[in-house]
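Remarks on the structure that follows.
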Amino acid sequence: MTEKNEDGARSGEQPDREPPLSEGRTAAPQRSQEGPTPLRRPGEGVPAKPEGPRSSVLDDVGALAGGLKTTLSEFFKPVITTEYPEEKTPRSERYRGRHYLRRYDNGLERCIGCELCAAACPVGCILVIAAENSEEKRVSPGERYAKTYEINMLRCIFCGYCEEACPVQAIVLGPEYELSDTSREKFIYTKEKLLEPLPPDVEARLNQAHAPLPTPLPRGERETLPDPPPSRGRENIS
Ligand code: SF4
Ligand code: SF4
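Start counting at 1 in the sequence shown, then tack on 8, and there's your number in the numbering used here.
Now the structure itself:
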């Protein structure tokens, strides 16, 4: 038969009483008999009752009707939400987006590798490495052409200074602004990518803004031409 000790527990079993505080147990917090302290005293923070006459039911109905009138008048107006990206809002004619390199009508590249665009770029994101044209391999009408032409589109701030600096309107900024891609390397636009055909609306705008440049003649025929007309600033490329 199992004997009970003086606490009433059977010998060999843990006693039911809690260990004394001296053995590391912390005292349980005393529960208040009155409940938690309220955050506000009664009446504190309650806004005062508005003074003056109370609005009648008719006034309330009138205000409700006024609100509904505004809602219903907007409901029957044409929807102006643009379903982007299926629909796009028109951009300004002078919007500066993605860059393009242009060609003349006879297929020669306009860029003559002068590096003025790279010098004008405030963030240094254009790399031009020029090479000499030869009779066997003529790429541009000038003495040199851009053997390498790269733009780091991650650095570009689309200021348009390169377009302004170019003496032959070779580099232009088009309207494209959706330039997302999947890697940093793809944002280095190479010459091949920049020579992609220009959107027709941009070509029309450029021709409207500047008198179209004459298509350059081969070197032998150029020497027989009469004296060039007076300088026309950036459009004079002869
Ligand atoms: S738009 Fe401005 S920042 Fe971009 S390449 Fe041209 S000059 Fe440089
Ligand atoms: S794009 Fe224009 S400014 Fe730049 S290197 Fe070519 S010709 Fe010169």
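Backbone N, C-alpha and C fix where the C-beta goes; we use that ideal spot for every residue, glycine too.
State buried or exposed for residue i, treating a residue as buried only when at least 16 other CB atoms are found within 10 Å of its CB.
i	result
Leu202	buried
Ala17	The pLDDT assigned to Ala17 is 45, lower than 50, so where the model puts this residue is not dependable; a value taken from the coordinates is nonetheless given after this. By the 10 Å Cβ count, Ala17 comes out exposed.
Val210	buried
Val87	exposed
Val69	exposed
Val54	exposed
Less than 8 Å between C-beta atoms, sequence neighbours within five positions excluded: which residues of the same chain meet that for residue i?
i	result
Ala204	Ala is not the amino acid found at residue 204; the sequence shown has Glu there. Taken in chain order, the residues that qualify are Tyr108.
Arg213	Glu101
Ile165	Pro130 and Val131
Please return the same chain residues whose Cβ sits closer than 7 Å to the Cβ of residue i, not counting the five positions on each side in sequence.
i	result
Asn244	Because Asn244 carries a pLDDT of 42, less than 50, the predicted location of this residue cannot be relied on, and no value is offered for it.
Arg110	Arg118, Gln177, Ala178, Val180 and Leu206
Arg321	Residue 321 lies beyond the residue range present for the chain, which begins at 9 and ends at 246; the question has no answer from this structure.
Thr140	Before going further, note that residue 140 is Glu rather than Thr in the sequence given. Hits under 7 Å: Glu151 and Arg152.
Phe84	none
Thr198	Glu158
Thr90	Thr97
Asp189	Phe195
Rounded C-beta distance between residue i and residue j? I'm assuming under 8 Å.
i	j	result
Ala138	Ala154	6 Å
Glu158	Ile120	Incorrect: roughly 17 Å between the Cβ atoms, too far for contact.
Tyr185	Cys129	So it is not a contact: roughly 19 Å between Cβ atoms.
Please find out if some non-hydrogen atom of ligand 1 comes closer than 7 Å to the beta-carbon of residue i.
i	result
Phe166	yes
Asp128	One point to set straight first is that residue 128 is Ala, not Asp, in the sequence displayed. Result yes, Cβ under 7 Å from ligand 1.
Val176	no
Ile120	no
Tyr169	yes
Once the 5 residues before and after residue i are set aside, which same chain residues still bring their CB inside 6 Å of it?
i	result
Pro183	Arg99, Tyr103 and Gly105
Glu123	Val136
Cys174	Cys125
Arg242	Bear in mind that the predicted position of Arg242 carries a pLDDT of just 45, short of 50, making it unreliable; the figure below should be weighed with that in mind. Excluding positions up to five away in sequence, the list reads Pro175.
Any heavy atom of ligand 2 inside 7 Å of the beta-carbon of residue i?
i	result
Ile137	no
Glu123	yes
Ile159	no
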